[in-house]
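Down below is the structure, laid out as structure tokens.
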Amino acid sequence: MTERVITRESVRTLDQEDSLSEFRSQFYLQEHTYYMDGNSLGLLSKKAEKALLTSLNDWKKHGIEGWTEGQQPWYYMSEKLGELTAPLIGAAPEEVINTGSITTNLHQLLATFYKPEGKRTKIIADALNFPSDIYALKSQIELHGLDPNEHLIQVESSNGHTLTEEDIIAAMDDTAALLLLPSVLYRSGQLLDIEQLTAAAHKHGIIAGFDLAHSIGALPHKLDQWDVDFAVWCTYKYLNSGPGGVGGLFVNQKHLGRKPGLAGWFSSKKEKQFDMDHELTPSDSAGAFQIGTPHILSSAPLLGSLEIFHEAGIEAVRQKSLKQTRLMMDMLHQELNEAGFQIATPLEDSQRGGHISLLHPEAASICKALKQEGVIPDYRSPNVIRLAPIALYTSFEEVYDVMMILKEIMNKGKHKQYKNERGIIA
Ligand SMILES: *Cc1c(COP(=O)(O)O)cnc(C)c1O
0 MTERVITRES VRTLDQEDSL SEFRSQFYLQ EHTYYMDGNS LGLLSKKAEK
50 ALLTSLNDWK KHGIEGWTEG QQPWYYMSEK LGELTAPLIG AAPEEVINTG
100 SITTNLHQLL ATFYKPEGKR TKIIADALNF PSDIYALKSQ IELHGLDPNE
150 HLIQVESSNG HTLTEEDIIA AMDDTAALLL LPSVLYRSGQ LLDIEQLTAA
200 AHKHGIIAGF DLAHSIGALP HKLDQWDVDF AVWCTYKYLN SGPGGVGGLF
250 VNQKHLGRKP GLAGWFSSKK EKQFDMDHEL TPSDSAGAFQ IGTPHILSSA
300 PLLGSLEIFH EAGIEAVRQK SLKQTRLMMD MLHQELNEAG FQIATPLEDS
350 QRGGHISLLH PEAASICKAL KQEGVIPDYR SPNVIRLAPI ALYTSFEEVY
400 DVMMILKEIM NKGKHKQYKN ERGIIA
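Take the sequence shown: its letter number 145 is residue 144 in numbering that gives the first Met the number 0, and every next letter is one higher.
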């Protein structure tokens with residue numbers, strides 16, 4: 000905890016010294032609203048909007064020719080986006096493709112890499128991951144005629160919020176074929192040690208895959224250096240591609256050339272695709288793991304959004320993000336010590352993603368009171384409030400305001416007027 004007292008003046012100084020402050024004006028922020036949910040759906044930027052309009056205009060102007068003749072040719076857009084995403088994750092351009100969603104990409108890569116054989120049949124995951132990932136793992140196990148109860152190992156958490164690398168590594172042996180973990184846990188915001196876990200998995204001959212949903216766009220990765228086998232992510236969270244924005248996947252160079260488990264004509268080598276041959280010639284790149292026609296209008300905004308990341312630099316984004324989540328925790332300590340909150344997020348910078356997770360028995364009604372005051376939080380049943388300051392568009396002063404609003408709610412019991420129940424989307 001910082002020793003100095005945090006004041007509005009002291010956080011204003013942080014804003015004045017912030018090298019990323021200029022990016023805020025590139026986003027559509029609503030007046031009198033504190034948007035703390037950019038880890039669920041990032042806000043629209045002017046660049047993303049422009050890129051989408053360019054694709055619409057390409058359609059308007061070129062019709063079918065837009066595939067190759069447009070200003071943003073549709074036929075190469077997924078590859079182009081892969082190339083622009085690669086620096087965010089420490090990958091080579093050919094290892095990355097923009098396609099599908101987390102869940103469909105996971106199905107694709109499990110169909111490709113999960114090959115239960117002999118006694119090596121199990122998948123190691125964790126008990127805290129997002130349900131969709133677990134559903135995908137279970138259905139892939141069942142597709143092999145195996146029983147998930149026996150073949151899916153979910154490493155437990157001792158406190159219900161975080162995992163330890165030691166526990167995960169202890170679950171590894173030569174009955175495991177594949178490991179799938181989140182980089183950052185969606186509830187607590189814990190960042191796992193991807194490098195250590197991958198090295199341990201490889202020592203046991205286990206394929207290591209990661210879901211980067213809550214880390215891509217929030218912090219840098221070195222997937223090649225860490226020798227990760229595959230990764231999946233969405234782009235509508237920290238990457239600000241818009242609702243339903245097309246996701247992405249990474250396949251390590253050493254696995255490129257492998258036949259996709261789920262093939263389609265977009266798995267083809269680009270110059271062969273229109274030969275219309277019934278024998279697939281898969282792409283040599285991660286493009287081989289595409290299936291059908293790319294969703295252009297849900298991909299285009301990411302072209303603009305990634306431009307912003309390139310201008311800002313992911314290292315700078317991470318440094319500001321850490322400062323902001325640290326400020327939140329320090330303010331909780333300074334202003335809300337008596338309010339009954341517990342921080343589920345690890346306090347160490349090296350173990351923290353981009354959001355803070357607060358636990359409170361009245362979390363649902365507190366979130367309703369926050370919304371009434373113009374703060375958009377993110378509630379996860381039954382007792383989690385997630386708050387995500389976004390380095391590209393949240394100011395330090397906003398973080399200060401949000402915590403003071405929360406203090407006022409708790410001091411006055413403003414949340415008591417609401418039912419402590421969740422709404423339909425939370
Ligand atoms: C957001 C999120 C998802 C959502 O999957 P989609 O297929 O994109 O709907 C899946 N897993 C994790 C860990 C997530 O955070």
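Even glycine gets a Cβ: it sits at the ideal position worked out from N, Cα and C.
| Check | Outcome |
| --- | --- |
| contact_flag[the segment 86-100, the segment 132-145] where n(CB pairs < 8 Å) is 3 or more | no |
| Exercise answer, beta-carbon shell around ligand 1 heavy atoms below 7 Å | 100, 101, 102, 103, 128, 129, 131, 132, 181, 185, 210, 212, 213, 233, 236 and 246 |
| Nearest-angstrom Cα separation, counted from residue 158 out to residue 362 | 18 Å |
| Residues bridged to residue 247 (per DSSP) | 97 and 232 |
| Delimiting residues of the beta strand (DSSP E) encompassing residue 377 | 377-379 |
| Residue 156 versus residue 293: straight-line alpha-carbon distance, rounded | 38 Å |
| Through-space distance from residue 210 to residue 104, alpha-carbon basis | 10 Å |
| Span separating the alpha-carbon of residue 33 from that of residue 346 | 24 Å |
| Integer Cβ distance of residue 393 from residue 350, believed to fall under 8 Å | Not quite, the Cβ-Cβ distance comes to about 21 Å (not below 8 Å), so this is no contact. |
| Spatial distance of residue 422 from residue 366 (CA atoms) | 11 Å |
| The segment 233-246 touching the segment 210-219, judged by at least three CB pairs closer than 8 Å | yes |
| C-beta atoms of residue 331 and residue 403 nearer than 8 Å | no |
| Identity of the residue in 353, 320 and 379 nearest residue 182 by Cα | 353 |
| Straight-line Cα distance separating residue 396 from residue 14 | 7 Å |
| Given residue 358 as reference, the closest of 373, 282 and 377 once Cα atoms are compared | 377 |
| Burial state of residue 307, where buried means 16 or more other Cβ atoms lie within 10 Å | buried |
| 8 Å CB neighbourhood of residue 428 in its chain, flanking five on each side removed | As displayed, the chain neither begins before 0 nor continues past 425, which places residue 428 out of reach and without an answer. |
| Under the three-state DSSP convention, the category residue 121 falls into | strand |
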